[in-house]
Each structure stands twice: as structure tokens, then as C-alpha cells.
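Undergrad:
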Amino acid sequence: MIGFEYSRASNVADAVTQMAASPGAKFVAGGTNLVDLMKVYVEKPTKLIDVTRLPLDKVEETAGGGLRIGALVRNSDLSYHPIVERRYPMLSSAILAGASQQLRNMASTGGNLVQRTRCAYFYDIATPCNKREPGTGCSAREGLNRMNAILGTSDACIAVHPSDMCVALAVLEAKIHVTGPRGDREIALADFHRLPGGTPQLETNLNADELITAVELPARGFASNYTYLKIRDRLSYAFALVSVAAGIELDGGTIREARFALGGVAHKPWRNAEAEAALRGKAANEAAFAQAADIVLREAKGFGGNTFKIELARRTIVRALSQAARATPQSQSTKKIA
Amino acid sequence: MVPIALSLPSDSVAQSGAQTVTKTAAQVSVPVTITINGKPRALTLDPRSTLLDVLREQLDLTGSKKGCDQGQCGACTVLINGRRVVSCLTLAVMQDGASITTVEGLATDGKLHPLQQAFIDHDAFQCGYCTPGQICSAAGLIAEGKARTPDQIRELMSGNICRCGAYPNIVAAIQQAMGQS
Chain Z
0 MIGFEYSRAS NVADAVTQMA ASPGAKFVAG GTNLVDLMKV YVEKPTKLID
50 VTRLPLDKVE ETAGGGLRIG ALVRNSDLSY HPIVERRYPM LSSAILAGAS
100 QQLRNMASTG GNLVQRTRCA YFYDIATPCN KREPGTGCSA REGLNRMNAI
150 LGTSDACIAV HPSDMCVALA VLEAKIHVTG PRGDREIALA DFHRLPGGTP
200 QLETNLNADE LITAVELPAR GFASNYTYLK IRDRLSYAFA LVSVAAGIEL
250 DGGTIREARF ALGGVAHKPW RNAEAEAALR GKAANEAAFA QAADIVLREA
300 KGFGGNTFKI ELARRTIVRA LSQAARATPQ SQSTKKIA
Chain E
0 MVPIALSLPS DSVAQSGAQT VTKTAAQVSV PVTITINGKP RALTLDPRST
50 LLDVLREQLD LTGSKKGCDQ GQCGACTVLI NGRRVVSCLT LAVMQDGASI
100 TTVEGLATDG KLHPLQQAFI DHDAFQCGYC TPGQICSAAG LIAEGKARTP
150 DQIRELMSGN ICRCGAYPNI VAAIQQAMGQ S
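First to last, the protein sequences are chains Z and E.
Numbering of the first sequence is given in numbering that gives the first Met the number 0, commencing with residue 0 and proceeding in unit increments.
Numbering of the second sequence is given in numbering that gives the first Met the number 0, commencing with residue 0 and proceeding in unit increments.
This is the structure we're talking about:
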């Protein structure tokens, strides 16, 4: 990796001040993605501002009945937090479906949100990539694209966002609290990640000089009827081909509310309001779930190596909604698909 | 972590990278004190140094292995403040004040750690390259207390790859050590 200056931020204001004074700097917390990318010369920060000593490591219940998760809460601590396990088990399950326990022990909540795509061409500096070097072209469109996107793609980029945690946060409608030189603001999870369009180098609407301080969950946790179903090339420690987080509220056998988001298929966690609306008031059965899946995938487009994902996504949506409706969530340890 | 299924042609990158050391004017060495296997060590570090490289190259603690150097294989697993992490993706300068245990620090008073003995008892390795990482990872797993069944052990040990395929014996060794702790 290239040389860089290293400094520790002593408090949140100091972190923001240091960043404002150092264009080209990056915040570092767990480092699991940033250090990896620095080793292969994809990320080349001139300075790393270590934020791991900031007091952003608490999980607290909010006055509105929700949960405020500090940006530095480790993925492993969040997945096993008693309140998360009890009230937001979909989030716990999604986190445990990602990476390995060593990486979850390092990775922070804020860092998980801003991790970069694992598109192989993004990592390989010998190949063109519009995300890494805007204007050079996309190698994945006609290259190895098994792991790439089928929804929301652009001519410039077909990369996917790799997070599992964020797929659950999309269903839970989390809010991201950030701070920067122009003060504090909140960004809805749905508005946090961007589609690639003509600017795939921009993955989020977080400004370069802003720091994530917390993730806030509303009270609604879908703790009774939920699942996180992740389909991948091996049973553990692999990125999703397709994943689905689903939460349902039922009146008897009728769907009062249903939400679901897909991972592994787009540049951001993918939700479709029309598909969710089509489920409301319906009987919770496979016909309804298949209809919702068809709405989501109407505009799906494959690129050869990943075209199988369209049918895989349809089946995964149906299976996940069935798991949620039956209250038989996917186990992340036995892997047997209920 | 890079996807293994689309493993990159990273040799050329790594080799050219190792020879192209670019320093900026602002880059300075950083003094830190890290407790390693119970002993405080005062070190002056290039900010780029990973914990794995400091352990192996500066402190001659070569038990932690460099397998992939990308967080994929787990051979470099150590315990930081009792929690298992991959040392290859850990910048050593960020560990000022931390307490680190490597495989060299597990035995006490010349007596093997129960996991080390269990790996021998169950023949839980062939070439042995992944073994220090497997043992440190298993020590972290036992401390976490989340794994009870073989399925749970396998899932929570999935960050440690064994190319020889000694997995059944590794699970058996961990079960034995869990029974003793």
C-alpha cells in the first residue's frame, strides 16, 4: 500500500475537524475492507483518521421505542445483543450470515454501511472499471459476472453492494445519523446507497467529509414473522448470490404488512413498494408470494454469467416470504432451508 | 475480503506493489506499546505495517501464518483483548495499548493449552499450516460461548480454511476442548 499519515481522533468534533483539513483522508474503524483495498492499491488515502477510540459503541433504546446503535458497535456484538436478538432477530440473523466471526469481531456498524463492492474487476487494477477509474469502461458486463447485479444496473456499472446487514436494515427502515462540518443530519437507509447510473464511483450519499455516528431502528421489528435467507456458492463465509430479508405482520392468515429486500442483486439493498403493496390484504400463500416476486423481477436483466440469478431470486423471494409467514426463520447454523 | 470464487490475479499486483514503496512527506513512524503474550513491547511502526507482519518480521513470532493476506483464510488469526481477529487486516498502529495473544502464548508453564493437546489427540491437522489460526480461532470461539453443537462449531469456524480437509477432526478436537473448559 502507499504511505499514509496516521492519526487518532480524540472525539467526534476532532474527527470532523481533522477530515475537513485533510482532503484525501479516510476514517478507519474495523479496517476489514479499507485495509484490504489499500493493499491492492484500489484505496489510496493520504491519511487515516482512526475513529475507534470515539464513544460511539453503545446500543441504547430510544424514547420512541426504537434502538440507537452506535457506529462503532462491532458486527459480532450487534448480532448477539439481547435486544437485537429479541426485537430485531432479522438483523441478528443477517449479520451472522455475513463474513466470518473474526471479521465480525473487527467490522463496525458504520463501516458495514460504506463497504465497497467485491466485483472482481473493481479489485483488479489491471482491468478497466468505471467505479475505480471513471470513464475506463466496465469489464464485468461482458466478463465474469456471476456475482454481479440484475436490477438497477447501468451501462457504466453492474456491481452489487455486498452487505447482508444492510438488507435487513432496509426492511427495518433504519435511519443513518451522520455528522460533518455542516452539522448533523439523518439519511433514510433507502436514500443512503445509490444506484450506479453514470457515476458508479459514488456509492452512497454520505459526503466525503461526513462521519456516521449511529444507526437508528424504528420500533417495528417484525420479530414474530421474519427471515434472512442467503443463497451462496458454499454454505458459509461467501457473498450472496441472492439474499432476501423478509418481515410480515399477519391478521390470521391475511397479510397486514409485508416488507422484503434483496441482497446480492443490485448496487443497493433492493426493495419494491409495488410488490409489497400487492401483498397487503392477501392470503399468505405461495401464489401471492410468487406474484410479488414477479413484480420485483419484471425489470431484471442478466448479463450471461448471472442470468440464472433472475429465477434464483424469484424462488428465494417465495421461499423467504413462506419462511416468514410460517414463523420458521432460516437458521444460520444448520443451513437446512425450511 | 475478496470473493474466493472470483479470486483475482493478484500476484502481479502484489509483486509490483511490494517493490513500489511510495512514501508521502507526511508519513512518519508511530510509537506504540502493545502487550504480546503477556509482555509489553514498545515498538516504532510504519503505519502501513499489519499486525501479522509485525509479529512475524519484527518479533519473530512466526506461529501466525500468512496464508492469503486478504482476510479469507484465517491462518493469521490471533486474539486481541481476548477476541479472535485476522491479523493480516489489522493495522498494528491501531493496537496501541491492546493485549494480543498468539499461538505462542497459549501454553502455560510448559503445558500445552487444552486445544493444542486436543488437536494432537484427534490428529486435527495434516500439513499444519492452518493450525495456529485454527487453534487461536477455536480459543476465541470457546470464550464467546455461542457454539454448542457440531453444526454451530462448523459455522463459527468457517473463517478458518483447511486445504488438507481435516475438518471432522478439527471439530472433534474443539468438542474435546470445550468439554474441558
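We treat Cβ as the ideally placed atom computed from N, Cα and C, and that holds for glycine.
(1) With contact counted as at least three CB pairs below 8 Å, one residue from each stretch, are the segment 63-70 of chain E and the segment 126-139 of chain E in contact?
(2) With a threshold of 8 Å, are at least 3 pairs of Cβ atoms found where one atom belongs to the segment 73-89 of chain Z and the other to the segment 220-237 of chain Z?
(3) Does any CB atom of chain E fall closer than 8 Å to the CB of Ser92(Z)?
(4) For the beta strand (DSSP E) holding Ala276(Z), just list the boundary residues, first then last.
(5) Would you check if the distance between the CB atom of Cys163(E) and the CB atom of Gln125(E) is smaller than 8 Å?
(6) Look at Leu77(Z) and Ile94(Z) and say whether their C-beta atoms are less than 8 Å apart.
(7) Looking at the unbroken beta strand (DSSP E) that takes in Lys267(Z), where does it start and where does it end?
(8) If you reduce the DSSP assignment to three classes, tell me which class Ser235(Z) lands in.
(9) List the endpoints of the continuous alpha helix (DSSP H) containing Tyr79(Z).
(10) Can you tell which of Gly304(Z), Ile157(Z), Arg258(Z) and Ser235(Z) has its C-alpha closest to the C-alpha of Ala276(Z)?
(11) If contacts are defined as beta-carbon pairs under 8 Å, then Lys229(Z) and Val264(Z) qualify, I think. What distance do you get, rounded to the angstrom?
(12) Taking the C-alpha atoms as reference points, what is the distance between Cys137(Z) and Leu114(E)?
(13) Do Ala167(Z) and Arg67(Z) have their C-beta atoms within less than 8 Å of each other?
(14) Can you list, in chain order, the residues of its chain with a C-beta nearer than 7 Å to that of Val85(E)? Leave out the 5 residues immediately preceding and following it.
(15) With DSSP collapsed to three states, give me the class of Thr108(Z).
(16) Straight-line CA distance for Ile1(Z) to Lys38(Z)?
(17) Considering only the alpha carbon of each residue, which of Ile33(E), Gly144(E) and Tyr166(E) lies closest to Gln57(E)?
(18) Quick one: using the 10 Å Cβ neighbour count with 16 as the cut-off for buried, is Arg184(Z) buried or exposed?
(19) At a CB-CB cut-off below 8 Å, which residues of chain E make contact with Ser235(Z)?
(20) For Ala189(Z) and Asn204(Z), I'd like the C-alpha separation in whole angstroms.
(21) For the segment 73-90 of chain Z, which residues have a beta carbon sitting closer than 9 Å to at least one beta carbon of chain E?
(22) Starting from Ala287(Z), trace the beta strand (DSSP E) both ways and give me its first and last residue.
(23) Would you call the CB atoms of Ala20(Z) and Ile48(Z) closer than 8 Å?
(24) Between Met339(Z) and chain E, is there a C-beta pair that is closer than 8 Å?
(25) Just list the alpha helix (DSSP H) runs in the segment 122-165 of chain E, keeping only unbroken ones of 4 residues or longer that don't cross its boundaries, in chain order.
(26) For Phe88(Z), name the three-state secondary structure that DSSP assigns.
(27) Anyone know if the C-beta pair for Ala291(Z) and Leu278(Z) falls short of 8 Å?
(28) Any C-beta of chain Z within less than 8 Å: which residues of the segment 63-75 of chain E qualify?
(29) Following the continuous beta strand (DSSP E) through Asp190(Z), name the residue where it begins and the one where it ends.
(30) Within a Cβ cutoff of 7 Å, which residues of the same chain sit near Ala289(Z), ignoring the five residues on either side of it in sequence?
(31) Could you give the residue range of the beta strand (DSSP E) that holds Arg7(Z)?
(32) Express the C-alpha separation of Ser91(Z) and Thr333(Z) in angstroms, rounding to a whole number.
(33) Considering just the uninterrupted stretch of the beta strand (DSSP E) at Val41(Z), what are its terminal residues?
(34) Using the beta-carbon count (16 or more within 10 Å), is Val27(E) buried or exposed?
(35) Assuming the contact rule is C-beta atoms closer than 8 Å, Ala319(Z) and Thr253(Z) should be a hit. Round their C-beta distance to whole Å, please.
(36) For the segment 100-117 of chain Z, enumerate the residues whose C-beta is nearer than 8 Å to any C-beta of chain E, in chain order.
TA: Checking against the coordinates, here is how it stands:
(1) yes
(2) At 8 Å Cβ cutoff, the stretches touch.
(3) For Ser92(Z), the answer is no, since every Cβ of chain E falls outside 8 Å of its Cβ.
(4) Unbroken run through Ala276(Z) is the alpha helix (DSSP H), Ala272 to Leu278; no beta strand (DSSP E).
(5) Yes; because the gap between Cβ atoms is below 8 Å, this pair is in contact.
(6) The Cβ atoms of Leu77(Z) and Ile94(Z) lie closer than 8 Å to each other.
(7) Careful: Lys267(Z) lies outside any beta strand (DSSP E) and carries neither H nor E.
(8) coil
(9) Per DSSP, Tyr79(Z) belongs to no alpha helix (DSSP H) and is neither H nor E.
(10) Arg258(Z)
(11) Not really, about 12 Å apart at Cβ, beyond 8 Å.
(12) 48 Å
(13) no
(14) Gly70, Gly73, Cys75 and Thr76
(15) helix
(16) Each residue's alpha carbon lies about 8 Å from the other.
(17) Ile33(E)
(18) exposed
(19) Simply Arg153, Glu154 and Ser157.
(20) If you take the alpha carbons of Ala189(Z) and Asn204(Z), they lie about 10 Å apart.
(21) Arg73, Ser75 and Tyr79
(22) No beta strand (DSSP E) contains Ala287(Z), which is instead part of the alpha helix (DSSP H) from Glu285 to Leu296.
(23) no
(24) No answer is possible for residue 339(Z): the residues shown for chain Z start at 0 and end at 337.
(25) Within the segment 122-165 of chain E, the complete alpha helix (DSSP H) runs of at least 4 residues are 130-143 and 149-155.
(26) With the sequence shown as reference, residue 88(Z) is identified as Pro, and Phe is not the correct amino acid for it. Helix.
(27) yes
(28) Asp68, Gln69, Gly70 and Gly73
(29) Not the beta strand (DSSP E): Asp190(Z) falls in the alpha helix (DSSP H), residues Leu188 to Phe191.
(30) Val317
(31) Its beta strand (DSSP E) spans residues Glu4 to Arg7.
(32) 16 Å
(33) Counting along the chain, Val41(Z) falls outside any beta strand (DSSP E), and DSSP gives it neither H nor E.
(34) exposed
(35) Actually they are not in contact, since the Cβ atoms of Ala319(Z) and Thr253(Z) sit about 19 Å apart, beyond 8 Å.
(36) Gln100, Gln101, Leu102, Asn104, Met105 and Arg117
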